[in-house]
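Top to bottom, those sequences are chains D and X. According to the working numbering, the residues represented by the first sequence are 12 to 251, in order. According to the working numbering, the residues represented by the second sequence are 12 to 251, in order. In what follows, a structure is listed as structure tokens, so that the remarks can point back to it.
Protein chains: 2
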Amino acid sequence: MNIPVAEAERSDSLEATPSGRGSTRERVERSLRHALLTGRFVPGRPVTLRGLAQDLGVSPMPVREALRSLAAEKALDIKPNGRVQVPTMTPERLAELQQARLMLEPELALRAAAKLNPGDARALKEIDDAIDKSIDGGDAETYMRLNHAFHFHVYRAAGSEVLLPLVESLWLQFAPFMRIVYGRVGTAALEDHHKEAIAAVASGDGPALQSAIASDIRGGMKLLQGAGYEAVPDTNSTKD
Amino acid sequence: MNIPVAEAERSDSLEATPSGRGSTRERVERSLRHALLTGRFVPGRPVTLRGLAQDLGVSPMPVREALRSLAAEKALDIKPNGRVQVPTMTPERLAELQQARLMLEPELALRAAAKLNPGDARALKEIDDAIDKSIDGGDAETYMRLNHAFHFHVYRAAGSEVLLPLVESLWLQFAPFMRIVYGRVGTAALEDHHKEAIAAVASGDGPALQSAIASDIRGGMKLLQGAGYEAVPDTNSTKD
DNA sequence: CGCGGAAAAATGTGATCACGTAGCACGGAA
DNA sequence: TTCCGTGCTACGTGATCACATTTTTCCGCG
Chain D
12 MNIPVAEAER
22 SDSLEATPSG
32 RGSTRERVER
42 SLRHALLTGR
52 FVPGRPVTLR
62 GLAQDLGVSP
72 MPVREALRSL
82 AAEKALDIKP
92 NGRVQVPTMT
102 PERLAELQQA
112 RLMLEPELAL
122 RAAAKLNPGD
132 ARALKEIDDA
142 IDKSIDGGDA
152 ETYMRLNHAF
162 HFHVYRAAGS
172 EVLLPLVESL
182 WLQFAPFMRI
192 VYGRVGTAAL
202 EDHHKEAIAA
212 VASGDGPALQ
222 SAIASDIRGG
232 MKLLQGAGYE
242 AVPDTNSTKD
Chain X
12 MNIPVAEAER
22 SDSLEATPSG
32 RGSTRERVER
42 SLRHALLTGR
52 FVPGRPVTLR
62 GLAQDLGVSP
72 MPVREALRSL
82 AAEKALDIKP
92 NGRVQVPTMT
102 PERLAELQQA
112 RLMLEPELAL
122 RAAAKLNPGD
132 ARALKEIDDA
142 IDKSIDGGDA
152 ETYMRLNHAF
162 HFHVYRAAGS
172 EVLLPLVESL
182 WLQFAPFMRI
192 VYGRVGTAAL
202 EDHHKEAIAA
212 VASGDGPALQ
222 SAIASDIRGG
232 MKLLQGAGYE
242 AVPDTNSTKD
């Protein structure tokens, strides 16, 4: 099960995240979460406690807690012998993730619609413009970060303390795999429905926003359906 | 383990969980999870790291990780100063929890139906008979344990790696509050739909099972709607 | 040249310690 | 009697250490 990826240098630009607020564990967890969501962690890749600690320049202790936290959200997998790795994807799990997203996220969007205002529509448009640029540029990492920002700008507005964490967990689960697929087929084939969503927000049309989000999920996940479950590409696509 | 277990046991209720397998952290987490699900932790009550460690006869270390894990599942709340407490319930959060349950659990039941066999129906009937007894006896803690066993016997059959953890998180969130309500209004007023569910399992009728679970959720949560958000009762159920 | 086993390195786990801080009670002053 | 400051206590956090176990390396034997 050893992957021949060269682990020459450890610095995956993890500590590049400038967020210096909060406790050390908080910073570590935020850093890991961000790395997961932008796909800097490859599924199947083992994650060692001391290695991460060294990368981040801290002791293994806060890393331990952060990993445990992420594992509880199913963003990481802790094998019975304690080794931590990014979960590998299976077609079944991906299908389940899509269905779970379709159950929760459109509902969240519907609730958010009532609280979103034209200012939010402008903010979303700004994000979406940047997304279009990143798609053209083929910058998968930036795209994923912005796409996440777009969706969660909507979801957060719902003010849901229950649904939002569930959806966050789902994103953490499919993001690493999504990144791999983007690395293979590129980001050009992406069809999102952000424009419809923005229009719905601007006009305050809840059901339209709900439907746009649902379509967006279907479009985004469709791309992932038949790609790359088997192994990690030995072409090291983790950095840059 | 070179730990001198010369400590006088402060509480029998926590380490009473017989599961002695696995690592210490695993046992601690299982113990806490069980305590949460059966309502032995009162919402709003502060949970201290060292206190719990002493109760369980271990060092604060595994407790720390277990708490962090539970907190990631929203079963515990870590305040900005680091203090841990069982989350308090609000009407809004309870309504969200019910709606989230209704989104996920009937779907899970529908998927489980295809894999449940008459043997499962018999097992469920056995659990349900015990539930009836515990309701008559007014034993809220036993009722909650069995009710959880009943539902998750069904849900687990679905074999879902994605939906099941989400539902587990939801249960951990409303269970402590549910326990308080039972302590106030008793368990006699409970109306469950387990009989319908068992019949549906026996006949392999998926939609019927789905509908029975949905009705069961509505019936169970309705009881909680207008009760006891304000303060925690002084009845200290864990120790002292 | 290939295989196997032993040595060595690395990993997770749990315990203990040091440190900064937040609560809290006690006591003195108004 | 009430209010406020000061000291004490307990807490969470992070680091370091010790240990058992697993993984990897590597050397010798077939």
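Every residue, glycine too, gets a C-beta built ideally from N, C-alpha and C.
Within a 10 Å sphere around the beta-carbon of Q236(X) sit fewer than 16 other beta-carbons, which makes this residue exposed. Annotation: the continuous alpha helix (DSSP H) that includes T153(D) extends over 151-168. DSSP places M72(X) in the uninterrupted alpha helix (DSSP H) bounded by 71-83. Straight through space, the alpha carbons of E84(D) and K90(D) are spaced by roughly 15 Å.
Nearest Cα to L177(D) within the set D216(D), G197(D), M100(D), L81(D): L81(D). Under the DSSP assignment, R61(D) falls in the alpha helix (DSSP H) whose first and last residues are 60-67.
Within the same chain, L174, L177, V178, L181 come within 8 Å of L115(X) by CB-CB distance, once the 5 residues on both sides are set aside. Put simply, the CB of A83(X) is near chain D, with a gap under 7 Å to one of its CB atoms. Assigned with DSSP and collapsed to three states, Q236(X) falls in coil, not helix or strand.
When the Cα atoms are used, Q65(X) and L157(X) turn out to be separated by approximately 29 Å.
Chain X has a Cβ within less than 7 Å of the Cβ of L174(D). When only Cα atoms are considered, A77(X) and L105(X) end up about 25 Å apart. If you compare the alpha carbons of P129(D), S226(D), Y166(D), R167(D) with that of S214(D), the shortest gap goes to P129(D). With contacts defined by Cβ atoms closer than 7 Å, L220(X) and A132(X) do not form a contacting pair. P102(X) is classed as exposed because its beta carbon has fewer than 16 other beta carbons within 10 Å across all chains shown. Looking only at R61(X), G231(X), L43(X), the smallest Cα-Cα distance to Y154(X) is reached by G231(X). Considering only beta carbons, the part of the segment 113-136 of chain D lying closer than 8 Å to chain X consists of M114, L115, E118, in chain order. The Cβ atoms of R36(D) and L60(D) do not sit closer than 7 Å to each other.
Beta-bridge partners assigned by DSSP to Q184(D): none are found. When Cβ-Cβ separations below 7 Å define contact, R79(X) makes contact with chain D. In the DSSP annotation of this structure, the continuous segment of the alpha helix (DSSP H) that includes M114(X) starts and ends at 102-124. Interface residue (Cβ-Cβ distance to chain X less than 7 Å): S42(D) is not classified as such.
Selection T198(X), R79(X), L47(X) evaluated against G148(X) yields T198(X) as nearest (Cα-Cα).
In the same chain as V69(D), and ignoring 5 residues on each side of it, the C-beta atoms closer than 8 Å to its own belong to T35, V39, in chain order. Collapsing the DSSP output to three states places V192(X) in a helix. Considering only A111(D), A223(D), L47(D), the residue with the shortest C-alpha distance to V212(D) is A223(D). When the five nearest sequence neighbours on each side are left out, the beta carbons in the same chain lying within less than 6 Å of the beta carbon of Q109(X) are those of M232, in order along the chain.
Closest in C-alpha terms to G50(D), from the list G62(D), A186(D), D88(D), comes A186(D).
Interface criterion not met: the Cβ of E37(D) is under 7 Å from no Cβ in chain X.
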